[in-house]
Amino acid sequence: SGEWLVARFLVDPQTRPSRTLKEMLKMSDYDLVLKNGLVVMGEAVVAADVGVMGGKIAGIAHHLHGTEEIDCQGHIVTPGAVDVHVHLQYPIGPLTTGDDFFTGTRAAALGGTTTIIDFVEARPQQPLLDALHERHMLAAERAVIDYGFHMTITPTDIPKLDQVPAVVAAGCPSFKHYMAYSFRLHDGELLQSFQAIRRAGGLPIVHAENWDVIQALVRQNLAAGRTEPRWHPRSRPALMEGEAAGRVINLAALAETPVYIFHVSCQAVVERIAAARAQGQPVYGETCPQYLLLDDSLFEQPGVAGALPICSPPLRPRSEQAHLWAALARGDLQVISTDHCPFWLADKAAALEDFSRIPGGVPSIESRFALAYTFGVGAGRLSLSQWVARCCTTPAQLMGLTHKGQIAVGYDADLVVFDPQWPVTLSTETLHENVDWTLYAGRQLTGWPRHTLSRGRWLVRDGAFVGRPGQGQFVCRHF
33 SGEWLVARFL VDPQTRPSRT LKEMLKMSDY DLVLKNGLVV MGEAVVAADV GVMGGKIAGI
93 AHHLHGTEEI DCQGHIVTPG AVDVHVHLQY PIGPLTTGDD FFTGTRAAAL GGTTTIIDFV
153 EARPQQPLLD ALHERHMLAA ERAVIDYGFH MTITPTDIPK LDQVPAVVAA GCPSFKHYMA
213 YSFRLHDGEL LQSFQAIRRA GGLPIVHAEN WDVIQALVRQ NLAAGRTEPR WHPRSRPALM
273 EGEAAGRVIN LAALAETPVY IFHVSCQAVV ERIAAARAQG QPVYGETCPQ YLLLDDSLFE
333 QPGVAGALPI CSPPLRPRSE QAHLWAALAR GDLQVISTDH CPFWLADKAA ALEDFSRIPG
393 GVPSIESRFA LAYTFGVGAG RLSLSQWVAR CCTTPAQLMG LTHKGQIAVG YDADLVVFDP
453 QWPVTLSTET LHENVDWTLY AGRQLTGWPR HTLSRGRWLV RDGAFVGRPG QGQFVCRHF
């Protein structure tokens, strides 16, 4: 079946196809072969064919033959991208995010993402497992790619911490904590939750900001008549994001647990993560395209244009971007996710008289992978291997997606054929997210996914979506 290029083959016995690997390799044909591509496998980037059988990657070699063959000459073959931070069909106050589980996962697939992790939030008296089941049923009917969930821990969930082991056993081993908004946790509650999650073998995740300081600054600005969107970043300073991250890291050390910090926007957080990791503490962090590519000058635009970029943490001065890119290259930040949380333009415009009431969130579930390629690899900030590590492999590893995020025998055949020469100009016409605006309008990219497969099944062919609602599966995650 060809000359093997890779000696390290990883097979997860729990996810092995019904036909054994030995039996598959004796067969002359695979179900599908991606031929002649440049295949990214960890640090190795090699010219090879990738054979798919039974929904799994079954061979990586030269001269493979399949029932169906796709010529990938001049293209990059990567694992399906993994976005571990999205908000689809998600109620936030009186609003619901613009993308549902169909439109959001369709956009993700068109952008090369084959797995997402969304969120569950239980009602005050609702058992955590009931909330997980309810959210799962909502996604199961609509999702076109595979999905999992983080369980959110709010103040009303502190009495339910004895339910955490059951949630972990149900395949939801990561737990989100807010240090901002009305449902934030105080330090003692964070410690209690971290300890319970550590005992259950889970992973705490944190939105790190200082809510008391934010509230004080918001009140001061509004009282002085400073109501425009430009006062949003001035009410959520980078200094205090760093302070909050430092507290999280200290609490995690006290609880003897790893911790993952969402949407890092600034050097102040990077420095604290790097210092903790240098001491051997298992602290991880992600950043997002909006912090890598956009800056706080957007808030100065008049009218609703200045409201569109509102998200939390806010966009920072452009000088912060170099620190984030460097942290990704060094490994002090390990993941590029999106925090995809889209609202319609009218939703943003409805609260222009008070920046603190403008719904926060920006869309990028479709463009993340290609943005990271053009402005990461294309700009010399990341290598091909680092691009794949930050968008595919490391998020899968950190979040317990044990059979995703890598091109290796036995892994799910979640695969992307990426055309590095495909020119794309981003706009609401070229993107498929269910909102009527994008902060990346007019951005010119060189490189876009041409084909996307999930577990060996076609989602996107030649840039056209061919999947169907309900094709995605819930992924039971474990550490």
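Numbering of the sequence shown is given in the working numbering, commencing with residue 33 and proceeding in unit increments.
Beta carbons are placed, not taken as given, at the ideal position from N, Cα and C, and that holds for glycine.
Residue i - partner residues in DSSP beta bridges
i, result
"W357", "Looking at the DSSP assignment, W357 forms no beta bridge with any residue, so it has no partner."
"Y323", "Its beta-bridge partners do not exist; DSSP assigns none."
"F506", "Y179"
"T110", "V448"
"P123", "T128"
"A473", "According to DSSP, A473 bridges with nothing at all."
"P455", "T478"
"I342", "I342 pairs with nothing; no bridge assigned."
"M169", "DSSP lists no partner for M169."
"S486", "R489"
"V78", "V71"
"D103", "K67"
"G98", "Y62"
"A496", "R493"
"M85", "K88"
"I185", "H209"
"V394", "H372"
"D150", "F181"
Cut-off 6 angstroms between Cβ atoms - residues of its own chain near residue i, not counting five sequence neighbours on either side
i, result
"K58", "Summary for K58: the model assigns pLDDT 47, below 50, so the residue's position carries little reliability; its value from the coordinates is reported in the next sentence. Contacts found: none."
"G317", "I293, V296, I305 and L365"
"T135", "N466"
"T99", "D61 and D63"
"Q505", "D178"
"L477", "A402, T406 and V456"
"A514", "The requested residue 514 is not part of the displayed model; the chain covers only 33 to 511."
"P156", "T188"
Close beta carbons around residue i, own chain, < 8 angstroms, minus the five adjacent residues each side
i, result
"V507", "T147, D178, Y179, G180, G203, L433 and K436"
"K54", "Note that K54 has pLDDT 47, beneath the 50 cutoff, so the model's placement of it is unreliable and no number is given."
"D132", "L120, Q121, R174 and N466"
"H107", "G69, L70, V449, F450, D451, P452 and R482"
"F511", "P205, G233, G234, L235 and G432"
"F375", "L127, T129, G130, P391, G393 and V467"
"R138", "V176, H464, F497 and G499"
"L430", "V116, L235, Y292, Y316, Q366 and V367"
"L347", "P265, S297, Q322, Y323, L326, D327, D328, L330, F331 and P341"
Residue i and residue j closer than 7 angstroms at C-beta
i, j, result
"V302", "D364", "yes"
"A113", "G91", "no"
"V245", "V280", "no"
"R422", "L360", "yes"
"C424", "S369", "no"
"D327", "R350", "yes"
"P187", "G234", "no"
"V456", "W480", "yes"
"A212", "W243", "yes"
"L283", "L193", "no"
"I89", "L66", "no"
"P236", "V291", "yes"
"T110", "V72", "yes"
"S459", "A440", "no"
"V116", "P427", "yes"
"A154", "L161", "no"
"L249", "S267", "yes"
"A285", "Q227", "no"
"F207", "I185", "yes"
Own chain residues within Cβ distance below 7 angstroms of residue i, not counting five before or after
i, result
"E273", "A240, E241, S297, C298, A300, V301 and P345"
"V492", "A141, L142, P481, H483, T484 and V498"
"P123", "none"
"A232", "V196, P197 and V200"
"A496", "none"
"H165", "none"
"H355", "Q299 and V302"
"M56", "With a pLDDT of 49 at M56, under the threshold of 50, the predicted position of this residue should be treated as unreliable, though the coordinate-derived value follows. Cβ neighbours of M56 beyond the five flanking positions: M85 and A90."
"R167", "V152 and F181"
Any C-beta of chain C under 7 angstroms from that of residue i
i, result
"L377", "Protein chain content of the structure displayed is limited to a single chain, and chain C is not contained in it."
Residue i Cβ short of 6 angstroms to the ligand GDP heavy atom set
i, result
"A90", "The ligand GDP is absent from the structure shown, which contains no ligand whatsoever."
Legend entry - 3 or more residues per run - each beta strand (DSSP E) lying fully within the region 256 to 333: 291 to 293 and 315 to 319
Legend entry - Segment contact flag, the region 328 to 340 with the region 401 to 417, C-beta cutoff 8 angstroms, min 3 pairs: no
Inset, instruction - Output the residue ranges of the alpha helix (DSSP H) runs that lie fully inside the region 189 to 257 and measure 4 residues or longer, sorted by chain position. - result: 196 to 201, 219 to 232 and 243 to 255
Inset, instruction - Determine contact between the region 483 to 498 and the region 440 to 447, defined as no fewer than three beta-carbon pairs at a distance below 8 angstroms. - result: yes
Legend entry - Meets three-Cβ-pair contact criterion under 8 angstroms: the region 253 to 262 and the region 310 to 317: no
Inset, instruction - Say whether the region 387 to 395 touches the region 79 to 87, bearing in mind that this needs 3 or more beta-carbon pairs closer than 8 angstroms, one atom from each stretch. - result: no
Inset, instruction - At 4 residues or longer, and completely inside the region 365 to 389: list those alpha helix (DSSP H) runs for me, N to C. - result: 377 to 381
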